[in-house]
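**Q** Dropping a structure here in structure tokens format, bear with me for questions.
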Amino acid sequence: MILAKVTGHVVATQKCDALRGSNLLLITALDDDQQTMPDRTWVAVDSVGAGMGDVVLAENYFALNKEQYKAMSVVAIVEKVFRDVRE
Amino acid sequence: MILAKVTGHVVATQKCDALRGSNLLLITALDDDQQTMPDRTWVAVDSVGAGMGDVVLAENYFALNKEQYKAMSVVAIVEKVFRDVRE
Amino acid sequence: MILAKVTGHVVATQKCDALRGSNLLLITALDDDQQTMPDRTWVAVDSVGAGMGDVVLAENYFALNKEQYKAMSVVAIVEKVFRDVRE
Amino acid sequence: MILAKVTGHVVATQKCDALRGSNLLLITALDDDQQTMPDRTWVAVDSVGAGMGDVVLAENYFALNKEQYKAMSVVAIVEKVFRDVRE
Amino acid sequence: MILAKVTGHVVATQKCDALRGSNLLLITALDDDQQTMPDRTWVAVDSVGAGMGDVVLAENYFALNKEQYKAMSVVAIVEKVFRDVRE
Numbered sequence: 009m010i011l012a013k014v015t016g017h018v019v020a021t022q023k024c025d026a027l028r029g030s031n032l033l034l035i036t037a038l039d040d041d042q043q044t045m046p047d048r049t050w051v052a053v054d055s056v057g058a059g060m061g062d063v064v065l066a067e068n069y070f071a072l073n074k075e076q077y078k079a080m081s082v083v084a085i086v087e088k089v090f091r092d093v094r095e
Numbered sequence: 009m010i011l012a013k014v015t016g017h018v019v020a021t022q023k024c025d026a027l028r029g030s031n032l033l034l035i036t037a038l039d040d041d042q043q044t045m046p047d048r049t050w051v052a053v054d055s056v057g058a059g060m061g062d063v064v065l066a067e068n069y070f071a072l073n074k075e076q077y078k079a080m081s082v083v084a085i086v087e088k089v090f091r092d093v094r095e
Numbered sequence: 009m010i011l012a013k014v015t016g017h018v019v020a021t022q023k024c025d026a027l028r029g030s031n032l033l034l035i036t037a038l039d040d041d042q043q044t045m046p047d048r049t050w051v052a053v054d055s056v057g058a059g060m061g062d063v064v065l066a067e068n069y070f071a072l073n074k075e076q077y078k079a080m081s082v083v084a085i086v087e088k089v090f091r092d093v094r095e
Numbered sequence: 009m010i011l012a013k014v015t016g017h018v019v020a021t022q023k024c025d026a027l028r029g030s031n032l033l034l035i036t037a038l039d040d041d042q043q044t045m046p047d048r049t050w051v052a053v054d055s056v057g058a059g060m061g062d063v064v065l066a067e068n069y070f071a072l073n074k075e076q077y078k079a080m081s082v083v084a085i086v087e088k089v090f091r092d093v094r095e
Numbered sequence: 009m010i011l012a013k014v015t016g017h018v019v020a021t022q023k024c025d026a027l028r029g030s031n032l033l034l035i036t037a038l039d040d041d042q043q044t045m046p047d048r049t050w051v052a053v054d055s056v057g058a059g060m061g062d063v064v065l066a067e068n069y070f071a072l073n074k075e076q077y078k079a080m081s082v083v084a085i086v087e088k089v090f091r092d093v094r095e
């Protein structure tokens, strides 16, 4: 999973059946300083009610539920990131 | 999923059975300014009737439907992209 | 799927059962001008009878057939590529 | 699988059901000298009780158990790495 | 699949059940001149009895056998690589 920030959304009326009703979020990967990285943006299906500016966990290939395969998804909203590379 | 533009198509008569009847589109990934990126082009199966120049969503590995595994596919035609990295 | 050129082959007698009888091709990814890119070479199982110098479609993870999972495969021989990024 | 170091963890209360109860670790990929690489950090589910500073093996897509699909996971704690590129 | 050289191995006593009894090899991807590339090293499960210095085929996600999902694996030992990009 990657740490990313919700940076927008996408409107698409003509889409395959599996995406109907899905909220399509633009998410941009974060660097080590929690800043968005240039040209590292994906579109992910929201599954947790994430909003603009939220830091989220996104799974490139959502395989967490065998009965419910999905496209790239936002799977959690992140409250805090503890990081220390020196240890 | 990635944001991409349809930049061409591919003709291939000799192909594996699973690809027969498929429309094979050239899609090129878009950067943060919605411009096509150099050397970031893939071939994707069309599943939504996308045409030349359309901005589309493409899934690298199409796992949206358990009964219908497919190669990389165009899964939606994008009408609008709302993006704001400052938030 | 990626556009690639068949640039060689690999001989391997000691291999896992699933690869027995497979033709192992070296394929090199093509850039926007259809030239092979440096250090972008993979080994793919041939499933369409591709030969040296052929331009092919290769699927990184061959998921086209649910009953017949395979390693990276050449899935089509390309005759023509139509490409126009200006549109 | 990649060699990585546990460099932190993530707190996320709002998450999809499949992640409930999971320990979410920040892991940073190691270079050839076993140093953490900049901007190569992922979030992985811990399955072996790894702690801060541990060198671990992480599987990008955890497919080791057919009945138990999971997101990116830490699958082993590494005690020693023997490496010699000259041979 | 990628061409890689066995450049070491990893000792890990604390690991998930699916990895028990597995031989964990360090493999480093080869460039066009069959030289190991910097910072392109992975850990793969050996399934063919590969040894230090062997050139091998490694599958990033081993999907060759539906009943036997595995982590990244060494699936063949390479004897000869024939390569000609000029054709």
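For the record, the sequence lines run as chains A, B, C, D and E.
Per our numbering, the first sequence runs over residues 9 to 95.
Per our numbering, the second sequence runs over residues 9 to 95.
Per our numbering, the third sequence runs over residues 9 to 95.
Per our numbering, the fourth sequence runs over residues 9 to 95.
Per our numbering, the fifth sequence runs over residues 9 to 95.
Every residue, glycine too, gets a C-beta built ideally from N, C-alpha and C.
Please read these numbers as outputs of a predicted model, since none were measured by experiment.
1. Answer yes or no: do B/Cys24 and C/Ala84 have a C-beta to C-beta separation smaller than 8 Å?
2. At a Cβ threshold of 8 Å, is C/Leu11 touching chain E?
3. Let me know the secondary structure DSSP gives A/Ala20 once reduced to three states.
4. Taking the Cβ atom as the reference point for each residue, do A/Ala58 and A/Met80 lie within a distance shorter than 8 Å?
5. Applying a beta-carbon distance threshold of less than 9 Å, which residues of chain E neighbour C/Ala96?
6. Report yes if the C-beta distance between D/His35 and D/Val56 is below 8 Å; otherwise report no.
7. Looking at chain A, which residues of the segment 18-49 of chain B have a Cβ within less than 8 Å of any of its Cβ atoms?
8. What does the alpha-carbon distance come out to for the pair D/Thr15 and D/Arg28?
9. For E/Val89 versus E/Gln42, is the C-beta spacing smaller than 8 Å?
10. Locate the beta strand (DSSP E) running through D/Met80, then write down its first and last residues.
11. Should B/Val89 be flagged as near chain C, meaning a C-beta pair shorter than 8 Å?
12. Give the residues of chain A in contact with D/Gly57, contact being defined as C-beta atoms less than 8 Å apart.
13. With C-beta atoms as the reference, is B/Val18 less than 8 Å away from C/Val82?
14. Run down chain D in chain order and give the residues with a C-beta less than 8 Å from the C-beta of A/Asp92.
15. Does E/Asp47 come out as helix, strand or coil in the three-state DSSP assignment?
16. Strictly by DSSP, which residues pair up with E/Asp54?
17. Identify the residues that DSSP records as bridge partners of E/Ala12: which are they?
18. My assumption, with CB atoms under 8 Å, is that B/Asp47 sits in contact with C/Asp39. Please give the rounded CB distance.
19. Against C/Val86, what residues of chain B qualify as contacts under a CB-to-CB distance less than 8 Å, listed in chain order?
20. Please confirm whether B/Met80 has its beta-carbon closer than 8 Å to some beta-carbon of chain A.
21. Contact check, B/Ala37 vs B/Ala20 under 8 Å by CB: the rounded distance?
22. For D/Met9 and E/Leu32, I'd like the C-alpha separation in whole angstroms.
23. Short of 7 Å in beta carbon distance, which residues of its chain neighbour E/Met60, apart from the five on each side in sequence? Order them along the chain.
24. Any C-beta of chain C sitting closer than 8 Å to the C-beta of B/Val63?
25. Along chain E, in chain order, which residues have C-beta atoms closer than 8 Å to that of C/Val51?
26. Rounded to the nearest angstrom, what separates D/Asp62 and D/Thr44 at their Cα positions?
27. When the Cα atoms are used, what is the spatial distance from A/Asp54 to A/Ser30?
**A** Walking through what the data contain:
1. A Cβ-Cβ contact shorter than 8 Å links B/Cys24 with C/Ala84.
2. Residue contact with chain E for C/Leu11: absent (no Cβ-Cβ distance below 8 Å to any residue of chain E).
3. In this structure, DSSP gives A/Ala20 a state outside helix and strand, which the three-state scheme calls coil.
4. Against a cut-off of 8 Å, the Cβ pair of A/Met80 and A/Ala58 comes out as no contact.
5. Nothing can be reported for residue 96 of chain C, as the shown portion of chain C is limited to 9 through 95.
6. Before going further, note that residue 35 of chain D is Ile rather than His in the sequence given. For D/Ile35 and D/Val56, no; Cβs fall outside 8 Å.
7. Result list: Asp39, Asp40, Met45.
8. Here the alpha carbons of D/Arg28 and D/Thr15 stand approximately 21 Å from one another.
9. Yes, they are a contact pair.
10. If you look at D/Met80, you'll find it isn't in any beta strand (DSSP E); DSSP assigns it neither H nor E.
11. Against chain C, the CB of B/Val89 has no partner CB under 8 Å away; the residue lies outside that interface.
12. Going along chain A, no residue has its Cβ under 8 Å from D/Gly57, so there is no contact; the nearest lies around 17 Å.
13. Not closer than 8 Å, so no.
14. In chain order: Thr15, Gly16, Met60.
15. The DSSP-derived three-state label of E/Asp47 is strand.
16. Under DSSP, E/Asp54 takes part in a beta bridge, and its partners are E/Val82.
17. DSSP output for E/Ala12 lists E/Ala37, E/Val64 as bridge partner(s).
18. Indeed, because the Cβ distance is near 5 Å, the residues count as touching under 8 Å.
19. Within chain B, the residues placing a beta-carbon under 8 Å from that of C/Val86 are Val18, Val19, Ala20, ordered along the chain.
20. By this cut-off, B/Met80 is not an interface position.
21. Actually they do not touch by this definition, with Cβ atoms about 22 Å apart.
22. Straight-line Cα distance between these residues: approximately 10 Å.
23. Taken in chain order, the residues that qualify are Val14.
24. Interface criterion not met: the Cβ of B/Val63 is under 8 Å from no Cβ in chain C.
25. Neighbours of C/Val51 across chain E, judged by C-beta separation under 8 Å: Met9, Ile10, Leu11, Leu65.
26. Roughly 12 Å between the two C-alpha positions.
27. Distance between the alpha carbons of A/Asp54 and A/Ser30 is about 7 Å.
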